[in-house]
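Counting along the sequence shown from 1, when you hit position 80 you're at 898 in my numbering, and nothing is skipped either side.
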Amino acid sequence: MASLVTVIVPAAMLAAMGWPGGSDLEAQDLRSGDRSIRQAAAERLARQDGAESTRQLQLLLDDLDAGVRVTAARALARRHDPAAVTAAARWVLGGPSPERAAGLEVLRTARELTPAARTAVERTLADPDSAVKLMALEVLGSKEAGPSLPAIAGALEDSAAPVRLAAVRLLADSGDRRAALPLLGRIADADRGIRREAIAGLGALADHQVLPALLRLLDAPADDIRRAAIDALAALASPAAVPGLVTQARRRPIDQVARHAQWALGEIATPEAIAALVSLLRQPPVTDETREALVHAGGKALPALVAELAADGGAVAVAASLLGRLGERKAVAPLMAVLARRDQALRPAIRALGALRAPEAAEILVPLAADPATEIRRLTLDALLAIGDARTAIVLDRALEDPDAGVRLRATALTGRLGARDQIARVATLLADRDRRVQEESIATLGILGDEAACRALVTAAPRLVGLEPALGAALEQAARPSCVPTLGAALATVNGALAVAVTRGLAAALEQEGAGAPDGKVIDHLAARLGENSPAAEHAADALAALGGSRHAADVALAAVRASPSVRARLCPALGGTDAGRQRLRSLVVDPREEDEVRAAAAWALAGTQHQDPMVRTALERASADTHPGIAENAAAALAVSPPREKKWTTLRLIRPDGHVLERVWVRFTDGKIGVWARSGDAGMLRLAQLPAGRLEVTAPAFQLTIENPGDSFREIAGNQVLRTDDRDGIVRGQPVRVDADPRGIDGVQPLSAQRRYHPGQHVAAARRP
């Protein structure tokens, strides 16, 4: 015979079981005699929003089943409802151990404790169950602990070490100096871990009244207690601690106690502490802690380190190295004096002047670029590269022909850094250097210097640069100017494979720039021949033809490329907008459901502004603006919203993952807040888009976080080294925009971006020219 379960439900609760929006079945579940059914109904109710669900949860606080009550209380605590706090406090005071624990969990979630709830939690610190006491301390730690300080201090006498440890940490984190006296009582605790935590807490409270007790601990027999006392004294930063710390810092052999003491002296950084640290520089071995302590002291260490440069028997080399790390301009003159002496500190002094980027040091550094010692020449060029003063260009004639490959490498980089275009011919000879690194740097430098001479040098040397074709393509893209079109066009007829990719990449960049006219018809024919290739050369060729949007020859080529890949045909769409036949093709593409989405989206944007001269364009765009694909619909709407463009501006991006792999076939959205435009990256991760709105743009790659590394020219211009990198690891914010300035007025006043710096979603990014 089945047993009958009877549940007594308060009348008020029965009357409220049916609520607006709640089903009869739901109300029946809440009245069920089966605890599991009521529990499931309570959990569903907890996931609902609104005042009615809150009221029902409040009524469930009186349910006979503890699980149902706790479910309701947790949900109400998340809503910061005071009824949850009242109920939980009642359970904490009078319930069994599991219910007391549940009540504490609810109170931890609550926004704040009422006086009654705080009292209930404090009384729980006398509970016989250590787990409950630990939860009570956690609740007090999640709120303002000050009002409960006496109760927490009482827990320091608990017989259970975990409870005492939790109380010590809570007092240390309170920031209340009243906690210092209770913590002092624990520095002799039977548990060493608690002793260390109590000592650390005394330092964190920054109460100088505990200084004598901490100083006495410097003579403790256990090293871990001494280290804890030293770290606490460092946190107090009291000058009175310096003599005791100096004694510990000079311990021999050097151990962890000595290292901690050395760091502590840097934290205090009084003249006496600095003097002790500098004296340790003269007693090898010099520890990392001594060096880092002086750097941490900053400008306070400057006078002593400068004095060390001139001291007899002083640690000149180490002092010079540390002065470079301090970043203090007042160190420049003393370091230049070291260079004049040419003693054992010469090398670190050169490094330090480079680190300080002191242009006033250029004159004294220049002669060292011809020093007989190879290492000195290398170090000098490193420093000149960091300084970047145009007056140092006089070293290039000799350094670019230096017998040492390391010197030639640095001289090549310096040429690019200084923009020394008069050295293009000399750098061009280094494309045949026997050192691979020099070849790579020469390619990059010619890209930075740019112009027709640089392009011609790169194209001429291209057949010999086997394996360096990607670097060559990047350099040609950066160096390309409209004047380079004939050179690049002629080269296109003679190259294949990876070299063809590099040349078409440069040619596309050249044709997209202002002032680039239509090239010779043979160049267009050479580009047309590449469109069917299964390589990035086809995409670059399409980009080059797209830049010739007003050319009938280019439009005819684009019309004929019906067998090209979808990515290539999408890139050819801008080439079609300049002729009637081309616009007719675009109209057909944008509404053709059989066509690839990226081609239709590109066709829609290629029609931007032309609806004013062709009503049929407007009809096609209006139809496309209702498409289910967001890229097609938004591009069509954007095309309808813009006026006829006076001139085409191109935006070039390359999407690359942190591991160096390009992001192929990724949709990217650009918006200025008014209109949005979509495009899809190609097989090489390259993305070019014309006629983007001027001003601030938001760039979003859905499902990816974007970062920028090593930007070149301002965002509105094509430099060939504008790179958007992505980070698609788990746990990051996704689909958020990166703001990029695309100021058409130029880059005046915009700070340069440093390499390898990450820009997080929503953070403003100012693009700038590479120096």
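Heads up, the beta-carbon is just placed ideally off N, CA and C, and yes, glycines get one too. Predicted model only: the values in this text are computed from it and were never measured.
- With a contact defined as Cβ atoms closer than 8 Å, Arg1160 and Asp1200 miss out at about 18 Å.
- Residue burial is scored here from C-beta neighbours: Leu999 has fewer than 16 other C-beta atoms within 10 angstroms and is therefore classed as exposed.
- Asn1314 sits exposed, since fewer than 16 C-beta atoms from the chains shown fall within 10 Å of its C-beta.
- Judged by beta-carbon spacing, Ala1076 lies beyond the 7 Å limit of Ala1052, meaning their Cβ atoms are not closer than that value.
- It is roughly 16 Å from the alpha-carbon of Ala1356 to the alpha-carbon of Thr1312.
- Measuring C-alpha to C-alpha distances from Asp991 to each of Arg1014, Arg1196, Ala1018, Glu975 identifies Ala1018 as the nearest.
- If you compare the alpha carbons of Ala1040, Ala1223, Asp947, Leu1029 with that of Ala1050, the shortest gap goes to Leu1029.
- Between Ser1139 and Arg1175 a beta carbon distance of about 16 Å is seen, past the 8 Å cut, so the two are scored as non-contacting.
- Within the stretch 1299-1376, the complete alpha helix (DSSP H) segments at least 4 residues long are 1303-1310, 1315-1329, 1339-1348, 1354-1364, listed from N- to C-terminus.
- When DSSP states are grouped into helix, strand and coil, Glu1516 belongs to the strand group.
- One thing to note: Val1277 has its Cβ within 7 Å of the Cβ of Ala1309.
- For Leu1032, the CB contacts under 8 Å within the same chain, skipping 5 residues up- and downstream, are Ile1017, Leu1020, Gly1021, Ala1047, Ala1050, Leu1051, Leu1054, Ala1059 in chain order.
- In this structure Arg1226 touches Leu1248 by the C-beta definition: roughly 7 Å separates them, less than 8 Å.
- For Thr1470, there is no enclosing alpha helix (DSSP H); the enclosing beta strand (DSSP E) has its first and last residue at 1468-1474.
- CA-to-CA, the gap between Thr1210 and Val1184 works out to about 6 Å.
- In the three-state reduction of the DSSP assignment, Ala1444 falls in the coil class.
- If the five residues before and after Met1504 are omitted, its C-beta is found closer than 6 Å to the C-beta atoms of Arg1472, all from its own chain and listed in chain order.
- A Cβ-Cβ separation of about 22 Å leaves Glu1330 out of contact with Trp1485 under the 8 Å criterion.
- When C-alpha distances from Val1104 are compared across Ala1223, Ile1072, Val1517, the shortest belongs to Ile1072.
- Rounded to the nearest angstrom, the gap between the Cα atoms of Ala1421 and Ser1353 is 22 Å.
- Annotation for Glu1414: Pro1384, Arg1387, Ala1388 place their beta carbon closer than 8 Å to its own, counting only its chain and skipping 5 residues before and after.
- The Cβ atoms of Leu955 and Leu988 sit closer than 7 Å to each other.
- Here Gly1494 carries a strand assignment [DSSP, helix/strand/coil].
- Note on Gly1116: under 16 other CB atoms within 10 angstroms of its CB, so exposed under the neighbour-count rule.
- Contact check for Ala1280 against Leu1264 fails: the beta carbons are separated by 7 Å or more.
- The beta-bridge partner set that DSSP reports for Ala1508 consists of Trp1468.
- As DSSP reads the structure, Val1486 sits in a beta bridge with Ala1497.
- Residue pairing by DSSP puts Val1480 in a beta bridge opposite Ile1474.
- The beta carbon of Pro1337 is closer than 6 Å to those of Val1303, Gly1307 in its chain, skipping five residues each way along the sequence.
- Under the three-state reduction of DSSP, Gly1285 is assigned to coil, being neither helix nor strand.
- Judged by DSSP in its simplified three-state form, Val1075 adopts helix.
- Boundaries of the alpha helix (DSSP H) harbouring Ile1048: 1041-1054, taken from the DSSP string.
- Linking Ala1379 to Gly1478 through their CA atoms gives a straight-line distance of about 32 Å.
- Counting along the chain, Gln1066 sits inside the alpha helix (DSSP H) bounded by residues 1060-1067.
- Its chain contains His1026, Leu1029, Ile1086 as the residues whose beta carbon lies nearer than 8 Å to that of Ser1056, once the 5 sequence neighbours on both sides are disregarded; these appear in chain order.
- DSSP places Ser960 inside the alpha helix (DSSP H), whose first and last residues are 948-960.
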